[in-house]
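2 protein chains.
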Amino acid sequence: MREAFTGELTAIGDSLIEMTHLVGFAMARATTALLEADLALAESVIEHDRNIDKLRDQIDERIIDLLVRQQPVVATDLRLLVTSLRMSDDLERMGDLALHVAKAARLRHPRPVVPTELISTILEMNYLAQMIVTRAGEVIATRSVASAMELETVDDDMDRMHRRVFSVILDPSWSHGAEAAVDVTLLSRYYERFADHAVSVARRVVYLVTGAWPEHLPSPHDQLAP
Amino acid sequence: MREAFTGELTAIGDSLIEMTHLVGFAMARATTALLEADLALAESVIEHDRNIDKLRDQIDERIIDLLVRQQPVVATDLRLLVTSLRMSDDLERMGDLALHVAKAARLRHPRPVVPTELISTILEMNYLAQMIVTRAGEVIATRSVASAMELETVDDDMDRMHRRVFSVILDPSWSHGAEAAVDVTLLSRYYERFADHAVSVARRVVYLVTGAWPEHLPSPHDQLAP
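Line by line, the protein sequences are chains W and F.
For the first sequence, the positions run 217 to 442 when this note's numbering is used.
For the second sequence, the positions run 217 to 442 when this note's numbering is used.
Dropping the structure here:
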């Protein structure tokens, strides 16, 4: 009985890791669609978001099913299952943020959304997004508190990029007008929130392992002021 | 036993309704702090966000405790508890959005953040935020599918306001520069997201009652493209 339960927990963990792959891939493709004004690719990212939502729903069903079949369940296991529900929410939301990037590409097509001087910054933000979601997957797999702490550095870099975007927009030399400023403001926020949710996933793992919220990782809901 | 369980479920529902009051109040006060450049009020909203987070944590504990004590739990009850966890997340996130509005007021203090021609729009967005969170509370209390559907109208109005903000910023007559454009873009998104999460709460209630996602309410994660 206990063995079957452990097997189910492993399967849920695997599905969460699969979600990290899907949302990382979605953000990478959305970024390409954005920077290359590739409408077909943007549409494909938008279409594929359903698969991420479905995987989240499957994890839900699995958890509820497990709770029904495996009673009584001890408090530690319940905490793990509740945390898994929260992690799948974080990951699903990361998929949505990739979706928003793809929608921005579609909305402005065939015009490019990101002015030339910000392309390298957006590329860097995507790179950081890939790095942080990969590490979040590793943290789920290994339950390593040390790896969770490493996410913090990546998130700090992301926040720096987010501030750089604002400094470029607010520089007197900005020549792309208000529409580009609005678009880039929201895009930058999507990448920054993507990283925040990855940090949130890592924090939840640390909480499960140590029973306390880590001091050095920002709270799941700490935000950079606008 | 069953009676005690029902009592606990009612208490969890009451806590969720209490959260709707707190986050509505937080957004109302944050809006005042924003429009009147009231630093003390902004600080107070920021400080009080902890209470909202604490209430969410208490709901979590209560649900886990209930699951541990009341086993076996049938699938319907589990679904209700899982949905309650998700609703408390939505509500906590609404509190964060009020927090962001307060942080914008604090960041720019003593300068006003919202240009004169957008003050009435922000006031309207706060009004809609109050209306939608009140209705979300009613939906939790009454489990009325009809009331849940009414939220949709309010959310449509909110989306209209969100688009109006963009049309003002993007009008050639915009004279407030890029910083104000960036600030107002993010602020408008905070109100719009606040309404989205209220819709999400209502949808979850409809799902519980009917067993299917409502067709006419937007999905919890449908977004207005930037």
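For each residue, glycine too, the CB sits at the ideal point set by N, CA and C.
Please read these numbers as outputs of a predicted model, since none were measured by experiment.
- Taken through DSSP and simplified to helix, strand or coil, W/G427 comes out as coil.
- Residue contact with chain W for F/Q287: present (Cβ-Cβ distance below 8 Å to some residue of chain W).
- When C-beta atoms of the segment 251-268 of chain W are compared with those of the segment 317-335 of chain W, three or more pairs fall below 8 Å, so the two segments count as touching.
- Scanning F/A396, F/G353 and F/T337 for the CA closest to the CA of F/E408 turns up F/T337.
- The beta carbon of F/T401 falls within 8 Å of a beta carbon belonging to chain W, placing the residue at that interface.
- For W/E259, the nearest beta carbon of chain F is not closer than 8 Å to its own beta carbon.
- With fewer than 16 other Cβ atoms inside 10 Å of its own Cβ, F/A220 counts as exposed.
- At a cut-off of 8 Å, the C-beta of W/F221 has no neighbouring C-beta in chain F.
- Straight-line spacing of the CA atoms in F/A314 and F/R266 works out to 12 Å.
- Chain F has a Cβ within less than 8 Å of the Cβ of W/I385.
- Per the coordinates, the alpha-carbon of F/T401 lies some 22 Å from the alpha-carbon of W/A246.
- At the C-beta level, W/V425 and W/R359 come within 8 Å of one another.
- Taken through DSSP and simplified to helix, strand or coil, F/Q274 comes out as helix.
- Within the same chain, Cβ atoms closer than 6 Å to the Cβ of F/A318 are found at A246, A249, A258, V261 and I262, the five residues on either side in sequence being excluded.
- In the structure shown, the three-state DSSP call for F/A397 is helix.
- Interface annotation for the segment 238-250 of chain F against chain W: empty, criterion Cβ-Cβ distance under 8 Å.
- Going by C-alpha positions, W/D230 is about 36 Å away from F/D230.
- Check the Cα spacing between F/D276 and each of F/Q287, F/V298, F/T292 and F/D293: the tightest is with F/V298.
- Linking F/R272 to W/D372 through their CA atoms gives a straight-line distance of about 27 Å.
- Boundaries for W/A253: no alpha helix (DSSP H) harbours it, and the DSSP string shows neither H nor E there.
- The Cβ of F/E224 sits no closer than 8 Å to any Cβ of chain W.
- Boundaries of the alpha helix (DSSP H) around F/Q346: T332 to T358.
- Contact between W/R379 and W/L367 does not hold, since their C-beta atoms are separated by about 19 Å, which reaches or exceeds 8 Å.
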